[in-house]
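Residue numbers (our numbering): 1223 to 1480. Built from N, CA and C at the ideal position, the CB exists for glycine as well.
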């Protein structure tokens, strides 16, 4: 069962199913409702907690850095398997590094341990700032059109882009998320990865060259308790682009690490 929050602020989450607990943390501009059939499948034999990350969905008023957001997610989920995608993977990685005792298993889809080069990190922070200003200037609907048209999501089928679900977000919430928990604001944690001792599944789309390379490095840095899996014919949103292949990989790994 999820533990009680020790903070006055609590993230919103939907919960379904029964069994071992799995906490799902979505990507930037998504919400708890963007997991689709993957959450339904897990709920067949797990208690699934789908969290709205800080600045998103019904947690849109919660502003938090990566570390504070990870603490809030830990408060909401308690002892569990944590599965995060993209921004959610960065939150879940931070959570596992800061609160390893509650993370039974860790699944990272399209994640990163951060930018090590200070100049690259500063450049990314500036880019995140420009994106935030774009959200403010264009408004949510127009911005989402631009966001989903990026090459990163070129292989994402429209019916699994969850455009309507993303409209639950707000301009202020997404701006806060970028400014406080964007990749530019992330402190690199590569040197801490070897300290992770729980089973870790590191996934990326095989066609997502940047994040496939990051996944390979993360698995190598974590060590023998890490499993690397590249989802065939998938880009960045591998679990939504190739759901059957993703589900097969995830289910096999969960069975091997009960």
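Taking all protein chains shown into account, do 16 or more other C-beta atoms lie within 10 angstroms of the C-beta of residue i, making it buried, or fewer, making it exposed?
i: residue 1409; result: exposed
i: residue 1225; result: In this prediction, residue 1225 has a pLDDT of 36, which is less than 50 and means its spatial position is unreliable; what the coordinates show is noted afterwards. It is exposed - the Cβ of residue 1225 has fewer than 16 other Cβ atoms within 10 Å.
i: residue 1350; result: buried
i: residue 1308; result: buried
i: residue 1318; result: buried
i: residue 1368; result: exposed
i: residue 1435; result: exposed
i: residue 1272; result: buried
Can you give me the Cβ contacts of residue i inside the same chain, cut-off strictly under 7 angstroms, excluding the 5 residues immediately before and after it?
i: residue 1445; result: 1416
i: residue 1402; result: 1285, 1286 and 1287
i: residue 1393; result: 1357, 1358, 1361 and 1362
i: residue 1398; result: 1277 and 1285
i: residue 1372; result: none
i: residue 1461; result: 1260, 1307, 1331 and 1468
i: residue 1227; result: Because residue 1227 carries a pLDDT of 37, less than 50, the predicted location of this residue cannot be relied on, and the following value inherits that uncertainty. 1297 and 1298, listed in sequence order.
With a threshold of 8 angstroms on Cβ separation, who are the neighbours of residue i within its own chain once the five nearest residues in sequence on each side are excluded?
i: residue 1457; result: 1374, 1375, 1376, 1377, 1378, 1427, 1429, 1430 and 1463
From residue i to residue j, what does the alpha carbon distance come to, in whole angstroms?
i: residue 1322; j: residue 1420; result: 8 angstroms
i: residue 1249; j: residue 1280; result: 15 angstroms
i: residue 1234; j: residue 1274; result: 6 angstroms
i: residue 1389; j: residue 1432; result: 28 angstroms
i: residue 1328; j: residue 1477; result: 14 angstroms
i: residue 1425; j: residue 1455; result: 13 angstroms
i: residue 1364; j: residue 1480; result: 44 angstroms
i: residue 1412; j: residue 1325; result: 19 angstroms
i: residue 1346; j: residue 1400; result: 11 angstroms
i: residue 1475; j: residue 1237; result: 23 angstroms
i: residue 1242; j: residue 1381; result: 30 angstroms
Once DSSP output is grouped into helix, strand and coil, what is the label at residue i?
i: residue 1371; result: coil
i: residue 1290; result: helix
i: residue 1336; result: coil
Just to confirm my understanding: we take residue i, look at its own chain, exclude 5 residues before and 5 after, and list those with CB closer than 6 angstroms. What are they?
i: residue 1264; result: 1244 and 1270
i: residue 1301; result: 1324
Requested in this report: Evaluate the contact criterion for the segment 1277-1288 versus the segment 1398-1415: three or more CB pairs, one atom per stretch, below 8 angstroms.
Outcome: yes
Report task. Count the CB pairs spanning the segment 1433-1442 and the segment 1347-1359 that are closer than 8 angstroms, and state whether there are at least three. Result -> no
Query raised in the report: Do the segment 1323-1341 and the segment 1357-1365 meet, that is, are 3 or more Cβ pairs less than 8 angstroms apart?
Result: no
Requested in this report: For the segment 1312-1326 and the segment 1290-1300, state whether three or more C-beta atom pairs, one from each stretch, are separated by less than 8 angstroms.
Outcome: yes
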